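The block underneath contains the structure these notes are about, expressed in structure tokens.
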Amino acid sequence: MASRKIRKRVCYLAGPMEFTTEEQASGWRVRVAEALDKLGVHSIDPVKEEFRISPIPASQMSLLKEMDINKYIEIMRDKIVPMDIGFVEQCTDLVVKHCGERTAGTAGEMTYARVLGKPVYLIAGVPLEKIPGWVLGCATHIFESEETFLDFFAGTI
């Protein structure tokens with residue numbers, strides 16, 4: 000009998016990082032990553048990963064956008080977007096928290112994850128009516144809180 004390799008679960012923590020507060024960009028990712036770690040699930044946090052590849056700290060990217068749009072576009076096109084696309088390809092699950100922010104990258108990541116047949120878990124940080132339709136349409140599961148997501152996800156392991 001051939002042995003079947005079991006692939007470890009890896010969650011990519013997608014969600015808006017631009018036009019957000021620190022909590023909306025990073026706070027939820029830290030909490031969810033810690034909870035997933037306790038379940039034995041690895042998570043990828045793009046906020047932390049961007050520090051590894053970008054010469055500009057994430058906190059200064061909006062300032063760079065105002066001061067040197069061409070450099071900003073170069074970093075996004077050549078470093079950030081390819082990295083995030085690679086993370087969507089590597090992950091087994093996409094977890095998104097949306098608090099009503101404007102979003103482009105998150106919707107793109109969700110769409111790509113759906114094309115690849117990956118589950119997309121949406122944690123709604125605001126009433127569903129305030130979340131863009133495309134984001135809602137790409138979600139395979141929608142949760143009202145981090146806790147309800149984590150309870151559900153723990154049951155899938």
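Numbering of the sequence shown is given in numbering that gives the first Met the number 0, commencing with residue 0 and proceeding in unit increments.
Built from N, CA and C at the ideal position, the CB exists for glycine as well.
None of the values given here were measured: they were computed from a predicted structure.
Euclidean distance between Cα positions of residue i and residue j
i: Ile141; j: Ala123; result: 7 Å
i: Asp67; j: Glu108; result: 26 Å
i: Ile55; j: Arg8; result: 31 Å
i: Cys90; j: Ser53; result: 21 Å
i: Ile156; j: Pro118; result: 14 Å
i: Asn69; j: Gly132; result: 31 Å
i: Ser2; j: Thr102; result: Residue confidence is low: Ser2 scores 49 on pLDDT, short of 50, so the model does not pin down where it sits. Its coordinate-derived value is still stated next. So the alpha carbons of these two residues sit roughly 43 Å apart.
i: Thr110; j: Glu49; result: 21 Å
i: Ser144; j: Val80; result: 28 Å
i: Met0; j: Cys98; result: Residue placement at Met0 is flagged as unreliable, the pLDDT there being 49, under the threshold of 50; the coordinate-derived value follows with that caveat. Those two C-alpha atoms are separated by around 48 Å.
i: Lys37; j: Thr147; result: 16 Å
i: Gly85; j: Val134; result: 20 Å
i: Val87; j: Lys129; result: 25 Å
i: Glu73; j: Leu63; result: 11 Å
i: Asp77; j: Trp27; result: 27 Å
Span of the alpha helix (DSSP H) around residue i
i: Cys10; result: It is not in any alpha helix (DSSP H) - Cys10 instead sits in the beta strand (DSSP E) that spans Val9 to Ala13.
i: Ile72; result: Ile68 to Ile74
i: Gly132; result: Gly132 to Cys137
Contact belief for residue i with residue j at Cβ below 8 Å, rounded distance in angstroms
i: Leu93; j: Ala106; result: Their Cβ separation, rounded to whole angstroms, is 12 Å, which puts Leu93 and Ala106 out of contact at 8 Å.
i: Ala34; j: Leu12; result: That belief does not hold up - the Cβ atoms of Ala34 and Leu12 are roughly 11 Å apart, past 8 Å.
i: Ala138; j: Leu149; result: Between Leu149 and Ala138 the Cβ distance is about 16 Å, and since that is not below 8 Å, they are no contact.
i: Cys10; j: Val29; result: That pair is no contact at about 13 Å.
i: Met60; j: Tyr71; result: 7 Å
Terminal residues of the beta strand (DSSP E) in which residue i lies
i: Asp158; result: The first residue shown for the chain is 0 and the last is 156, placing residue 158 beyond what the model contains.
i: Val80; result: Run containing Val80: none in the beta strand (DSSP E); it sits in the alpha helix (DSSP H), Val80 to Gln89.
i: Phe142; result: His140 to Phe142
Three-state class that DSSP yields for residue i in the structure shown
i: Lys117; result: coil
i: Phe50; result: helix
i: Leu38; result: coil
i: Val125; result: coil
i: Ile55; result: coil
i: Asp168; result: Here the chain comprises residues numbered 0 to 156, so residue 168 is not present and cannot be evaluated.
i: Met0; result: Low per-residue confidence applies at Met0: pLDDT is 49, beneath 50, and the placement is therefore not dependable, though the value from the model is reported in the following sentence. It is coil, neither helix nor strand.
Pairing CB atoms from the region 44–56 with CB atoms from the region 123–136, are three or more of them under 8 Å?
no
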